[in-house]
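>
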Amino acid sequence: MASVSKEFQCNQDVSEEKNLWNKILEGVGNGKGDAKGTVQSSPTMVFSVIGDSDSFVPRPWPKTVFQTALIEAAKSGGETWILYSGAEQGVSKVVRDAYKYYEDMEFKTKSFEKEISDPDRHVKLISMAGNKTNNSATQKGKSFIEVKPMKPTVFKTTSGKGDNFLLKFEKFISEQTVAFFSQKLDARMPVPVAIIVCEGDIDTIAHIAKALERKLPVIIMKGSGTAADVVVDYLENDDLLPKKASILLGIQFDDTKYQELKTHLEKIRIARNLVGIFDLDRDDPLTLSNIVGDTVVSCWSIENILETIKNDDTPKYNSRQIDSTESPTGKRKNPFKGFSLAWKLLRRNFTSPEEKIIKKVLIGYKESRPYVLNPKYSTPTSLPLYFYFGYQLLQEYNKIVECGPVLLLEALKANRCDYVRVLIDRGVHLKMIDLPGLYEQTVACKKCDFEEKDCLHMQWILKQIQETHAKQLCHEFKDMKKKQREKISEANNDLNKENDDLEKKTTKLSKYVADAATGLCRKMLRYREYNTQEQSQQKPNNGNDESKDADISDILLWAIFANRKDIAEICWLRGDNHLLTGLVCSAILRKLSKKANNVKEQVLSSDLEEHSKMFERRCIGMMDSMYEEDSKHAINLMDDEAVVWGIYSSPLTFAYENFMYDIVAHTSSQKLMNKQWYNNLAPDLKPFLKSAFKKPKRFLTAPLTKYVFNYMMFFSMLVMYSAFVLTSISTKYYVLNIGRLFEYYVYFWSAGDFIEELISCFGYLEARGRSHRGYYSRMKRYLYDFWNVVDLLSYALLIAALSVRHFHPSKNFTVARRMFSLSLLVMYLRFLEVFLIHRKLGPTLIMIKEMLKDLFRFLFIAVFVVLGVGMYYHANLWPDHQTIWSGDWTNWRIWTIIYYPYWQLYGELNLESLDGSDQSDCTNETSIWESDTSIERCPREDWTVPAVAAIYLLFSNLLLVNLVIAMFSYTFERVQENSEKLWRFERYTVINDYDWRIPSPINIFFLPYRFLCCPAREECCLQQCKRLCDKKGTKKKIEKRRRKEEFRRNFQKITALKNHNKI
5 MASVSKEFQC NQDVSEEKNL WNKILEGVGN GKGDAKGTVQ SSPTMVFSVI
55 GDSDSFVPRP WPKTVFQTAL IEAAKSGGET WILYSGAEQG VSKVVRDAYK
105 YYEDMEFKTK SFEKEISDPD RHVKLISMAG NKTNNSATQK GKSFIEVKPM
155 KPTVFKTTSG KGDNFLLKFE KFISEQTVAF FSQKLDARMP VPVAIIVCEG
205 DIDTIAHIAK ALERKLPVII MKGSGTAADV VVDYLENDDL LPKKASILLG
255 IQFDDTKYQE LKTHLEKIRI ARNLVGIFDL DRDDPLTLSN IVGDTVVSCW
305 SIENILETIK NDDTPKYNSR QIDSTESPTG KRKNPFKGFS LAWKLLRRNF
355 TSPEEKIIKK VLIGYKESRP YVLNPKYSTP TSLPLYFYFG YQLLQEYNKI
405 VECGPVLLLE ALKANRCDYV RVLIDRGVHL KMIDLPGLYE QTVACKKCDF
455 EEKDCLHMQW ILKQIQETHA KQLCHEFKDM KKKQREKISE ANNDLNKEND
505 DLEKKTTKLS KYVADAATGL CRKMLRYREY NTQEQSQQKP NNGNDESKDA
555 DISDILLWAI FANRKDIAEI CWLRGDNHLL TGLVCSAILR KLSKKANNVK
605 EQVLSSDLEE HSKMFERRCI GMMDSMYEED SKHAINLMDD EAVVWGIYSS
655 PLTFAYENFM YDIVAHTSSQ KLMNKQWYNN LAPDLKPFLK SAFKKPKRFL
705 TAPLTKYVFN YMMFFSMLVM YSAFVLTSIS TKYYVLNIGR LFEYYVYFWS
755 AGDFIEELIS CFGYLEARGR SHRGYYSRMK RYLYDFWNVV DLLSYALLIA
805 ALSVRHFHPS KNFTVARRMF SLSLLVMYLR FLEVFLIHRK LGPTLIMIKE
855 MLKDLFRFLF IAVFVVLGVG MYYHANLWPD HQTIWSGDWT NWRIWTIIYY
905 PYWQLYGELN LESLDGSDQS DCTNETSIWE SDTSIERCPR EDWTVPAVAA
955 IYLLFSNLLL VNLVIAMFSY TFERVQENSE KLWRFERYTV INDYDWRIPS
1005 PINIFFLPYR FLCCPAREEC CLQQCKRLCD KKGTKKKIEK RRRKEEFRRN
1055 FQKITALKNH NKI
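Below you can see the structure in the form of structure tokens.
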């Protein structure tokens, strides 16, 4: 009779727990809706927070750390329940406040509009206080919810108050199952439960011991005080229990209480493998997810051996038993196949798992809502656990390559770098069809419409670069899904048909998305698309193959746009052409950083800038290591051309075009420059001069030879130009043809030099590099160089002087003489460029160029000050002057206005004019100075003018002039610090130009040959003739070059992996 009563009581308890479970499921309503209805689902993670007590020890503890850790772990768990006792104070208040913070940050001002059953509310707070409610309110989602201003939305239970019921309910939850992968699959796993302990008393310790006996994992918050710290201290050192317990709990023990406490603690010690410890003072809040995952997985893994451990019975290893266990595929290659935790749990809750179930399970991943983790704190067992279980199932069924893309997609979304790295190494490829969804969920802005003008996220930044590509990347897939949902909502639509239609559209869109991403890169960096013959042959595919794999470069480009640093590194290491790819990534991120900074997104801008520098540092580290390992191939690698996202260039050329000074100044780059500069001859002056007799062709075509000869011709032109300007503009020497000869030689030389500058600007004859950029980009890059601007100014002045002299002659040629003199002055300034290649004088010229920028900034400020003071002077010295713009332009009063304040900057005070005492050479007759503007008007006396002049002199001479001096000093120090780097960068400009340049005016005779044959390019007719004449030799050269380039690609990969400790 007693046994029957006991069984009845047990059934009654289970019934009460089941009823509460069903009420919570109904109340929180966390099912996912579909076209046919709503499917109620169990939570994917449950936290039960215990520890409410009346502490006798007033010990503060870091509650904010606990609150942050709890919410972050709950968010990473997926659909999470947080159970708490519902008390007004203590740990319950801390939990309630944490949930309130979650609501405020997650839903902003709409937190009170989101009911507990709202699908967007993925974390639910459930009070286990067991308070009775009004029975009249019975509507779903209403009778159990209390929403008050300034309080969080909490689901309150109506039964089951007390620790004993809570313990039973925790165990009951752990015995329930959840469709972990998909709500539409009958493949269920146990609901993971974790008991979190803060503060507490002896009853809390008893709760922990009983929970561990029921094989429930426990997480103890070390540093929260009282019972939690007693347990931790006992596990670390049980000898100090009497002292620690009395201090932490603040009570006096008798023998009974002490023995009871020790018994509970001993039970906890035996099951310590099920206990996780989070240190509130030392651990990062984001690591709680790892600790919970580790503890839950450990609990499930060793639950069958806990009794053995408890009884100190050593199990015997039976290899035959393990070997005889078949895996789901029927293979016996691995003796531990079929023993994975995921397989055991799935087999427990699914009567006959079949191989086909794995595909359905993995399809369920697409319904998940992965929480983006910080990879610094990520481990394989970090929440959510479906990554851990999914990978184990893939291993069990040997479906890593076939079914792994879905797991890889979710790992990319959630920033699970550990899984991304392992899956890619196992040969898993992302499917092209998944690329639009990846961009839509990670790069596109979920809360901003694409047409919004005030969105400042990455989507908006990409839109500013190229709207069409940005729309394909971020908006079209979202719009496609929205239209599909609208169609499905209609009653007469076939769900399967609509899904098939969406899949076909997504397959087609995936190709456009990949092209849009690469198009944005080229648009940002201003490169034209380069299509190799192999790529053009592959184009007709049009992306119609649903199973087509995305290249690792597509994932890398996504990681760049999503600013996922660790995933970008993983993909970069597993790609090709690491050096050029790294430089392109760095350049893209720098451009994005500048765009973000333009819209005042300083945080995003700084993050992107740091990511850019990370790639540049990786490239420099690679170059250092390769140079130490094999300097010859490291040097030649800088000139190896490759295609990255349609950008065709070599590492050195790309670095130069994008102002990567450290790359250009690197030893490998400089060694390659020396080879080009000396045309593979001895890199020293004396041996180089001797080679003129041994290898005359190489000597004459060397950039150094052409550079010296060009400036010799330039100097001869300057001599003739000077003689012409000084002696022959309007004299008999010009008539006697001596001056005319000088003039025409200047024109002839300038025409040849101008043609070379045009070729340099637009890259017509270059064999590689800038020839693959757009004309606008080449011109912009050309004009960025200060010396090129000086060149263009000299041509403009010379053309103006020529036009004035020959088309608007005058008796004395005064205007022409001035124009020619000014043109000659600029030509002399141009000649300074010859010293740019010199190691000592080059940095000095760079300093002058940089200081000119400071000077122009100063003049921009000074011009307004000078105008303001000049206006005051003129208005009071010459009041009511009516002829400001009368007469010849040289007599305009604007020159008088700026004359006095401008020269006062240099110490010319002119006080006799400012105080009105100088009345010489002027008149006070209004009719005279109004009729003839060349006659000066006498100034009036005004005592305020000298007073203003005194203040102006104080301001200008002590503040403005010293300001520009300070700016010069700063520029000098900055350039001096980086003088070697800047000089090497400018040196490459010269070497790159003279690699193909021919000195003027000799170049004029070679123009037809150069433009018609283009000897520097491989498609040149001469090059084709050579290949036809020597097919065998050409084939050997091509094969030899191909092998070297292949080796250097592998060399890059090995070096990159070594440098990052991933080999």
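Position 323 of the sequence shown, counting from 1, maps to 327 under this note's numbering, and the rest follow consecutively.
Just so you know, even glycine gets a beta-carbon here, dropped at the ideal spot from N, CA and C.
Could you pull the start and end residues of the beta strand (DSSP E) that tyrosine 84 belongs to?
For the purposes of this step, residue 84 is taken as the residue at position 80 of the sequence shown. The amino acid occupying residue 84 in the given sequence is threonine; tyrosine does not appear at that position. Element bounds for threonine 84: 84-88.
> Expressed to the nearest angstrom, what Euclidean distance is found between the alpha-carbon atoms of glutamate 533 and isoleucine 564?
As a first step, residue 533 must be located in the sequence shown, where it is residue number 529. As a first step, residue 564 must be located in the sequence shown, where it is residue number 560. One C-alpha to the other measures close to 19 Å.
> Thinking just about the alpha-carbon of each residue, which of Phe817, Pro123, Ser178 is nearest to the one in serine 734?
Against the sequence shown, residue 734 aligns to sequence position 730. Residue Phe817 is the option with its Cα nearest to serine 734.
> Got a sec? Which residues, its chain only, sit under 7 Å from glutamate 21 by beta carbon, not counting five neighbours each side?
On the sequence shown, position 17 is the one that residue 21 refers to. Same-chain partners within the cutoff: Lys172, Phe173, Phe176.
> Taking valine 236 and glycine 55 to be in contact with their CB atoms under 8 Å, please state how far apart those CB atoms are, rounded to whole angstroms.
In the sequence shown, residue 236 corresponds to position 232, counting from 1. In the sequence shown, residue 55 corresponds to position 51, counting from 1. That pair is no contact at about 13 Å.
> With distances taken Cα to Cα, identify the nearest neighbour of asparagine 277 among Pro64, Val296, Leu796, Thr72.
Taking the sequence shown and counting its residues from 1, one reaches residue 277 at position 273. The shortest C-alpha separation from asparagine 277 is found at Val296.
> Just the C-alpha distance for glycine 408 and cysteine 421, rounded to the nearest angstrom, thanks.
The count along the sequence shown starts at 1 and reaches residue 408 at position 404. The count along the sequence shown starts at 1 and reaches residue 421 at position 417. Those two C-alpha atoms are separated by around 15 Å.
> In angstroms, rounded to a whole number, what distance separates the CA positions of tyrosine 715 and tyrosine 531?
As a first step, residue 715 must be located in the sequence shown, where it is residue number 711. As a first step, residue 531 must be located in the sequence shown, where it is residue number 527. So the alpha carbons of these two residues sit roughly 33 Å apart.
> For leucine 427 and threonine 383, I'd like the C-alpha separation in whole angstroms.
The residue you call residue 427 lines up with position 423 of the sequence shown. The residue you call residue 383 lines up with position 379 of the sequence shown. Distance between the alpha carbons of leucine 427 and threonine 383: 15 Å.
> Determine the extent of the beta strand (DSSP E) in which phenylalanine 51 is found, giving its start and end residues.
Translated into the one-based positions of the sequence shown, residue 51 becomes position 47. Counting along the chain, the beta strand (DSSP E) containing phenylalanine 51 begins and ends at 49-54.
> For the putative contact between aspartate 925 and glutamate 940, defined by C-beta atoms under 8 Å, what is the C-beta separation to the nearest angstrom?
Numbered from 1 along the sequence shown, position 921 holds the residue referred to as residue 925. Numbered from 1 along the sequence shown, position 936 holds the residue referred to as residue 940. About 6 Å separates the two Cβ atoms, so the contact holds.
> Taking its Cβ as the centre, do 16 or more other Cβ atoms sit within 10 Å of isoleucine 120, making it buried, or is it exposed?
The residue you call residue 120 lines up with position 116 of the sequence shown. Burial call: buried.
> Grab the span of the alpha helix (DSSP H) containing tyrosine 103 for me, first residue to last.
Taking the sequence shown and counting its residues from 1, one reaches residue 103 at position 99. From DSSP, the alpha helix (DSSP H) with tyrosine 103 extends over 95-111.
> Taking the continuous alpha helix (DSSP H) assigned at isoleucine 75, which residues delimit it?
Here the question's residue 75 lines up with position 71 in the sequence shown. Residues 67-80.
> Excluding the 5 residues flanking alanine 448 on each side, which residues of the same chain have their C-beta closer than 7 Å to its C-beta?
For the purposes of this step, residue 448 is taken as the residue at position 444 of the sequence shown. Excluding sequence neighbours, alanine 448 sits near Gln463, Cys478, His479, Lys482.
> Look up asparagine 1063 in the DSSP assignment and say whether it is helix, strand or coil.
Locating residue 1063 in the sequence shown gives position 1059, where the first residue counts as 1. DSSP places asparagine 1063 in helix when its eight states are reduced to three.
> Among the candidates Leu587, Leu730, Met642, whose CA atom is the shortest distance from the CA of phenylalanine 663?
Reading the sequence shown from its first residue, position 659 is the one you call residue 663. Nearest option by C-alpha distance: Leu587.
> Considering only residues of the same chain and omitting the five flanking positions on each side of serine 302, which have a CB-CB separation below 8 Å?
In the sequence shown, the residue the question calls residue 302 occupies position 298. Only Pro221, Asn277, Leu278 meet the Cβ criterion.
> Do you know offhand how far arginine 1001's Cα is from tyrosine 1013's?
In the sequence shown, the residue the question calls residue 1001 occupies position 997. In the sequence shown, the residue the question calls residue 1013 occupies position 1009. Distance between the alpha carbons of arginine 1001 and tyrosine 1013 is about 14 Å.
> Going by DSSP, what residues sit across from leucine 676 in a beta bridge?
Here residue 676 corresponds to residue number 672 of the sequence shown, with the count starting at 1. For leucine 676, which the question treats as bridged, DSSP gives no partner whatsoever.
> Can you give me the C-alpha to C-alpha distance between histidine 615 and proline 123, rounded to a whole angstrom?
Translated into positions along the sequence shown, residue 615 becomes position 611. Translated into positions along the sequence shown, residue 123 becomes position 119. Distance from the CA of histidine 615 to the CA of proline 123, rounded to the nearest whole angstrom, comes to 35 Å.
> From the DSSP output, which residues share a beta bridge with methionine 193?
Mapped onto the sequence shown, residue 193 falls at position 189. Looking at the DSSP assignment, methionine 193 forms a beta bridge with Val182.
> Where do the N-terminal and C-terminal ends of the alpha helix (DSSP H) with valine 424 fall, by residue?
Position 420 of the sequence shown, counting from 1, holds the residue named residue 424. Run containing valine 424: 421-429, per the alpha helix (DSSP H) assignment.
> One question on the structure: do arginine 425 and isoleucine 574 come within less than 8 Å of each other, judged by their Cβ atoms?
For this step, residue 425 is matched to residue 421 along the sequence shown. For this step, residue 574 is matched to residue 570 along the sequence shown. With a cutoff of 8 Å on beta-carbon distance, arginine 425 and isoleucine 574 are scored as near each other.
> Taking 8 Å as the threshold (C-beta atoms), are aspartate 207 and aspartate 167 in contact?
For the purposes of this step, residue 167 is taken as the residue at position 163 of the sequence shown. For the purposes of this step, residue 207 is taken as the residue at position 203 of the sequence shown. Yes, they are a contact pair.
> Please classify glutamine 908 as buried or exposed, where buried requires at least 16 other C-beta atoms within 10 Å of its C-beta.
Counted from its first residue, the sequence shown places residue 908 at position 904. The residue in question, glutamine 908, is buried, as its Cβ has 16 or more Cβ neighbours within 10 Å.
> Assuming the contact rule is C-beta atoms closer than 8 Å, serine 461 and glycine 523 should be a hit. Round their C-beta distance to whole Å, please.
Residue numbering aside, residue 461 sits at position 457 when the sequence shown is read from its first letter. Residue numbering aside, residue 523 sits at position 519 when the sequence shown is read from its first letter. In the sequence on display, residue 461 carries histidine and not serine. The Cβ separation is near 20 Å, so there is no contact.
> For serine 983 and arginine 568, I'd like the C-alpha separation in whole angstroms.
Stepping through the sequence shown from its first residue, residue 983 is reached at position 979. Stepping through the sequence shown from its first residue, residue 568 is reached at position 564. Cα to Cα, serine 983 sits roughly 35 Å from arginine 568.
> Roughly how many whole angstroms lie between the Cα atoms of glutamine 537 and phenylalanine 713?
As a working note, residue 537 is residue 533 in the sequence shown. As a working note, residue 713 is residue 709 in the sequence shown. With a pLDDT of 48 at glutamine 537, under the threshold of 50, the modelled position of this residue cannot be trusted, and the question is left open.
> Could you spell out where the beta strand (DSSP E) holding glycine 280 opens and where it closes?
Looking up residue 280 in the sequence shown gives position 276. Run containing glycine 280: 279-283, per the beta strand (DSSP E) assignment.
> Measuring CB atoms only, is the region 814-831 touching the region 787-802, in the sense that at least three cross pairs come out at less than 8 Å?
yes
> Taking the alpha-carbon of glutamate 203 as reference, which of Leu957, Leu529, Val195, Ile212 has the nearest alpha-carbon?
Locating residue 203 in the sequence shown gives position 199, counting from the first residue. The shortest C-alpha separation from glutamate 203 is found at Ile212.
> Can you list, in chain order, the residues of its chain with a C-beta nearer than 7 Å to that of alanine 1060? Leave out the 5 residues immediately preceding and following it.
Sequence index remark: in the sequence shown, residue 1060 carries index 1056 (1-based). Closer than 7 Å at the Cβ level, and outside the excluded window around alanine 1060, lie Leu577, His582, Met626.
> Just reading off the beta strand (DSSP E) that serine 973 is part of, what are its end residues?
Residue numbering aside, residue 973 sits at position 969 when the sequence shown is read from its first letter. Serine 973 -> not in any beta strand (DSSP E); alpha helix (DSSP H) instead, spanning 965-981.
> For the beta strand (DSSP E) that contains lysine 155, what are its first and last residues?
Looking up residue 155 in the sequence shown gives position 151. Looking at the DSSP string, lysine 155 is not in any beta strand (DSSP E), and its letter there is neither H nor E.
> In the structure shown, what three-state DSSP assignment does leucine 129 receive?
Sequence index remark: in the sequence shown, residue 129 carries index 125 (1-based). In the structure shown, leucine 129 sits in a strand (DSSP, three-state: E or B).
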